[in-house]
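A.B. asks: I am attaching a structure below and will ask some questions about it afterwards.
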Amino acid sequence: MINIKRTLFAAAALAMLAGSVQAADKKTAAKKPEAATLENLQTAFNGASNAKSRYEAFAVKADAEGYAGVASLFRAMAVSEGISVVKQAKAIEALGAAAVADIKLPVVKSTNMNLKEARKNTNNDSKKMYRAFINKAVADKNDKAVMSFKGAQATQASHSKLILQALIKLGDWKAKKKFIVCQTCGYTTDDMTIKLCPECTQPREQFKEVE
Numbered sequence: 280m281i282n283i284k285r286t287l288f289a290a291a292a293l294a295m296l297a298g299s300v301q302a303a304d305k306k307t308a309a310k311k312p313e314a315a316t317l318e319n320l321q322t323a324f325n326g327a328s329n330a331k332s333r334y335e336a337f338a339v340k341a342d343a344e345g346y347a348g349v350a351s352l353f354r355a356m357a358v359s360e361g362i363s364v365v366k367q368a369k370a371i372e373a374l375g376a377a378a379v380a381d382i383k384l385p386v387v388k389s390t391n392m393n394l395k396e397a398r399k400n401t402n403n404d405s406k407k408m409y410r411a412f413i414n415k416a417v418a419d420k421n422d423k424a425v426m427s428f429k430g431a432q433a434t435q436a437s438h439s440k441l442i443l444q445a446l447i448k449l450g451d452w453k454a455k456k457k458f459i460v461c462q463t464c465g466y467t468t469d470d471m472t473i474k475l476c477p478e479c480t481q482p483r484e485q486f487k488e489v490e
């Protein structure tokens, strides 16, 4: 009789343990969908961190080659990327992780080549990478990540537009230029007449001027 009771007790204990494991597995499975969004946020954070470093180096090169206007643009883009870095870091922390970036030493070429590289990267980020990231974050119902990605996507599109202008008439970019950067989303423009950010609708007063 004692052995039977022990056997029943052991079986009950195993059943409880199995139930706990299954519950833990279900809890883990419930978290898995956001793992991809977290990975995307880390990718975006690393990319923006490196872009900021790269644009700062490109600005120095542009100044050295006599393209003060391009240097102004790269400085504005660096400020913009810094805003994306902060927003993505906050979204990562909201998921209980730490933002990590592997900053590479920028490869600096001629100003013309630097612009072409930046144009290629911003086009890819705005049209492909961030679009995919946004779709996944929406599916995960992660509003903070969605807002971060949408702001970064608009930022990349605004950068791409300005870079193209510089590439078309590089000779006209020898004089220093003024740009404004939205301190909320990072949107960058040379249009000093705007009243609101076209991306996040923040007022012109909170834009930062960069030359």
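Letter by letter, the sequence shown follows residues 280 to 490 of my numbering. Yeah, the Cβ is synthetic: ideal placement off N, Cα and C, and Gly gets one too. Nothing here was measured: the structure is a model prediction, and the numbers come from that model.
So, with DSSP's three-state summary, where would you put I382?
C.D. replies: The sequence position of residue 382 within the sequence shown is 103, counting from 1. Three-state result, I382: coil.
A.B. asks: Buried or exposed: D404, going by 16 or more other Cβ atoms within 10 Å of its Cβ?
C.D. replies: Residue mapping note: residue 404 aligns to position 125 of the sequence shown, counting from 1. With 16 or more other Cβ atoms within 10 Å, it is buried.
A.B. asks: Which of helix, strand or coil does DSSP assign to K388?
C.D. replies: What you label residue 388 is simply residue 109 of the sequence shown in a count that begins at 1. K388 falls in the coil class under three-state DSSP.
A.B. asks: Roughly how many angstroms lie between the CA atoms of K429 and E396, to the nearest whole one?
C.D. replies: Counting from one through the sequence shown, the residue named residue 429 turns up at place 150. Counting from one through the sequence shown, the residue named residue 396 turns up at place 117. Spanning the two alpha carbons is a distance of roughly 22 Å.
A.B. asks: Mapping DSSP to helix, strand and coil, what is E488?
C.D. replies: On the sequence shown, residue 488 is found 209 positions in, with the first residue counted as 1. DSSP places E488 in strand when its eight states are reduced to three.
A.B. asks: Considering only C-alpha positions, which residue in the set E318, G361 and D470 is nearest to A377?
C.D. replies: In the sequence shown, residue 377 corresponds to position 98, counting from 1. Of E318, G361 and D470, the residue nearest in Cα terms is E318.
A.B. asks: Judging by CA-CA distance, which residue of Q367, A373, D469 and I413 is the nearest neighbour of F353?
C.D. replies: For the purposes of this step, residue 353 is taken as the residue at position 74 of the sequence shown. Per the Cα distances, D469.
A.B. asks: Can you round the beta-carbon distance between K340 and N393 to whole angstroms, since I take them to be within the 8 Å contact cut?
C.D. replies: In the sequence shown, counting from the first residue as 1, residue 340 sits at position 61. In the sequence shown, counting from the first residue as 1, residue 393 sits at position 114. The Cβ separation is near 6 Å, so the contact holds.
A.B. asks: Might you give, ordered along the chain, the residues of its own chain that have their beta carbon closer than 7 Å to the beta carbon of S332, omitting 5 neighbours on each side?
C.D. replies: Here residue 332 is taken as the residue at index 53 of the sequence shown, counted from 1. Closer than 7 Å at Cβ, skipping near neighbours: I382 and P385.
A.B. asks: The beta strand (DSSP E) that contains I459, what's its start and end?
C.D. replies: Position 180 of the sequence shown holds residue 459. Residues F458 to C461.
A.B. asks: Quick one: Cα of Q444 to Cα of V489, how far?
C.D. replies: The residue labelled residue 444 in the question sits at position 165 within the sequence shown. The residue labelled residue 489 in the question sits at position 210 within the sequence shown. Rounded to whole angstroms, Q444 to V489 spans 17 Å at the Cα level.
A.B. asks: How many angstroms separate the CA atom of A309 from the CA atom of V379?
C.D. replies: As a working note, residue 309 is residue 30 in the sequence shown. As a working note, residue 379 is residue 100 in the sequence shown. Bear in mind that the predicted position of A309 carries a pLDDT of just 43, short of 50, making it too unreliable to give a figure here.
A.B. asks: Once you ignore the five residues that flank K305 on each side, which residues in its own chain have a CB closer than 6 Å to its CB?
C.D. replies: Working through the sequence shown from its first residue, we reach residue 305 at position 26. Legend: pLDDT at K305 = 44, less than 50; position of this residue unreliable, value from coordinates given subsequently. Nothing meets the Cβ criterion.
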